[in-house]
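Heads up: the sequence shown runs through residues 19 to 410, numbered per the numbering used here. What follows is a single structure, written as structure tokens, with notes after it.
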Amino acid sequence: MNDRVGDTTDLIKLAVPHLRLGMFVQAIDSQGLVNITNPGQIKNRETINKLSKNGIKYVWVDVERSAESCGLSKKPIKPEVKVKKLSREQSQDKAKRLMAEAKGLVQKVLSETFEGKAIEVAPFEDLAENMIESVMLDDDAFKCISALRSKDAYLLEHSINVAFLLVTFGKYLSLKRDVLKHLAVGGILHDIGKVKVDNKILHKPGRLTPEEFEHMKLHQVYAKEILTETPDLPQISRDVCLMHHEKLDGKGYPNGLKGEQLSLHGRMSCIVDIFDALTATRCYKEAMSPAAAFKILLSLTPFHLDEKLVYEFIRCVGVYPVGSLVQLSDGRIGIVWDAKGRDALHPILKCFYSIKHKRYTEVTMVDLLKSDVNIERGISPSSLEVDPTPFY
Numbered sequence: 019m020n021d022r023v024g025d026t027t028d029l030i031k032l033a034v035p036h037l038r039l040g041m042f043v044q045a046i047d048s049q050g051l052v053n054i055t056n057p058g059q060i061k062n063r064e065t066i067n068k069l070s071k072n073g074i075k076y077v078w079v080d081v082e083r084s085a086e087s088c089g090l091s092k093k094p095i096k097p098e099v100k101v102k103k104l105s106r107e108q109s110q111d112k113a114k115r116l117m118a119e120a121k122g123l124v125q126k127v128l129s130e131t132f133e134g135k136a137i138e139v140a141p142f143e144d145l146a147e148n149m150i151e152s153v154m155l156d157d158d159a160f161k162c163i164s165a166l167r168s169k170d171a172y173l174l175e176h177s178i179n180v181a182f183l184l185v186t187f188g189k190y191l192s193l194k195r196d197v198l199k200h201l202a203v204g205g206i207l208h209d210i211g212k213v214k215v216d217n218k219i220l221h222k223p224g225r226l227t228p229e230e231f232e233h234m235k236l237h238q239v240y241a242k243e244i245l246t247e248t249p250d251l252p253q254i255s256r257d258v259c260l261m262h263h264e265k266l267d268g269k270g271y272p273n274g275l276k277g278e279q280l281s282l283h284g285r286m287s288c289i290v291d292i293f294d295a296l297t298a299t300r301c302y303k304e305a306m307s308p309a310a311a312f313k314i315l316l317s318l319t320p321f322h323l324d325e326k327l328v329y330e331f332i333r334c335v336g337v338y339p340v341g342s343l344v345q346l347s348d349g350r351i352g353i354v355w356d357a358k359g360r361d362a363l364h365p366i367l368k369c370f371y372s373i374k375h376k377r378y379t380e381v382t383m384v385d386l387l388k389s390d391v392n393i394e395r396g397i398s399p400s401s402l403e404v405d406p407t408p409f410y
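Now the structure itself:
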């Protein structure tokens, strides 16, 4: 699987026709910087022709690792494109603004749909573009913001988080940018039918009766009716909206689709919708840790969820996702702060509390690659006696 490029200090972006023998190609430019499987110096023209045939327009070349003979180090063909690196604080501020904008738009469309107005797709496509940019620049920042959940704003936040997770998952699967945009729009709108569900049932603080659950399932019927009035909604977005409660064995709803009748995007939405619901605090339940949610996802394969896709999703999100809480072997609690370029068990943590001593500790960044302690388990915010929110 391709990975995002980390350090871009010595990289310059060049159009493929400007490549020369001896240049060291580190990455292609596809929805951001994406590592290629076998980076290296260009040995012959055939390599350049192959890049063109594959529809690649730009690549990222490592100046330091290129041969002197290509003339790159003395006189670059194009000026270096500097990738502006924001601090985590700046990235999170940007993510907060995007989240606020998204909530406002979703609230607006819910109100207008309730009043019988048709959905305008264009504003959601603009929001989706901003969301994709945010994921490309620093998906960790958005992960931290989305970890700060409010049970009173579940419907809004769930829709936005599903959109964000679909973009992140789609990027991991190397899907094209237009597909990512359509996935995001579908994610934002996937629960649109709930505007017509009885509020007492929608917000009931307890298990639904069989009759109430049948009424809740109607939100997909309502969604189909609403989307019928939205002819310009792309098919991928439509699949996300109308397939996220279907099951591979045909026992889902609203249409009882089975096997190959569920598109890739529909299968992705089934996984993402369940994962986000499990890891959110609701009016009737506490949030579950990502690790516990992964176990449930796996238990739902292969009859409900696509097993191969579930494993891909777990690899995409990570056993201990950025923004999640973990307990260390010395009793400290930390937020997973940075995991780029690391194995799943050795992220950088932001530690702030000790279960052992039941008190806050000095906020410390702990690099598990350089520490004697290790992660004992992932935990949910509800299992703590204190609020971790101020430390995000």
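Each residue gets a CB set at the ideal place from its N, CA and C atoms; glycine is no exception.
Contact annotation: S70 and V34 have beta-carbon atoms nearer than 9 Å.
For the pair G352 and K358, the Cα-to-Cα distance works out to about 17 Å.
With at least 16 other beta carbons inside 10 angstroms of its own, S109 counts as buried. In its chain, beyond the 5 residues on either side, I366 have a beta carbon closer than 7 Å to the beta carbon of D385. Taking a C-beta distance under 9 Å as the contact criterion, F370 and M286 do not qualify as a contact pair. Between the stretch 240-257 and the stretch 190-210, the count of C-beta pairs closer than 8 Å reaches three or more; the two stretches touch.
Its Cα nearest to that of K212, the residue K235 stands out among F331, K235, E229, A310. The shortest C-alpha to C-alpha distance from V239 to any of K269, V215, Q253, P249 is the one to V215. Per DSSP, G205 is one residue of the alpha helix (DSSP H) stretching across 195-207.
In the structure shown, the three-state DSSP call for M383 is strand. For the pair T299 and Y172, the CB atoms are nearer than the 9 Å cut-off.
Just so you know, the alpha carbons of L29 and N273 end up roughly 50 Å apart. Rounded to the nearest angstrom, the gap between the Cα atoms of G122 and G224 is 28 Å. Here DSSP, grouped into helix, strand and coil, assigns Y378 to strand. In the structure shown, A140 falls within a helical segment according to DSSP collapsed to helix, strand and coil.
Here D361 is exposed, its C-beta having fewer than 16 other C-beta atoms within 10 Å. Runs of the alpha helix (DSSP H) lying entirely within the stretch 261-297, each at least 4 residues long, are 282-296 in chain order. Going by DSSP, A33 is part of the beta strand (DSSP E) stretching over 29-33. Using a Cβ distance threshold of 9 Å, V290 and L251 do not count as a contacting pair. If the five residues before and after I397 are omitted, its C-beta is found closer than 8 Å to the C-beta atoms of S307, L343, V344, Q345, I351, all from its own chain and listed in chain order. Rounded to the nearest angstrom, the gap between the Cα atoms of I178 and N62 is 47 Å.
In the DSSP assignment, V79 falls within the unbroken beta strand (DSSP E) covering 76-80.
Ranked by how close their Cα comes to the Cα of T248, the residues V127, E403, I137 have I137 in first place.
Excluding residues up to 5 positions away in sequence, nothing lies with its Cβ nearer than 6 Å to the Cβ of L402 in the same chain. In terms of Cβ geometry, V335 and L193 do not form a close pair [threshold 9 Å]. Around R395, the same chain offers Q345 as residues with beta carbons nearer than 6 Å, after the five sequence neighbours per side are excluded.
DSSP, read as helix, strand or coil, puts G188 in helix. By the criterion of a C-beta distance shorter than 8 Å, Y190 is surrounded in its chain by M19, E330, R333, C334, once the five residues flanking it on both sides are discounted. Of the candidates A311, S281, G277, M117, the residue whose Cα lies closest to the Cα of F293 is A311. In the three-state reduction of the DSSP assignment, S389 falls in the coil class, being assigned neither a helical nor a strand state.
Per DSSP, the continuous alpha helix (DSSP H) segment holding R63 begins and ends at 63-71. A distance below 9 Å separates the beta carbons of H200 and H283. Counting along the chain, no alpha helix (DSSP H) covers C88, and no H or E run does either. S401 carries a helical assignment under DSSP once its states are collapsed to helix, strand and coil.
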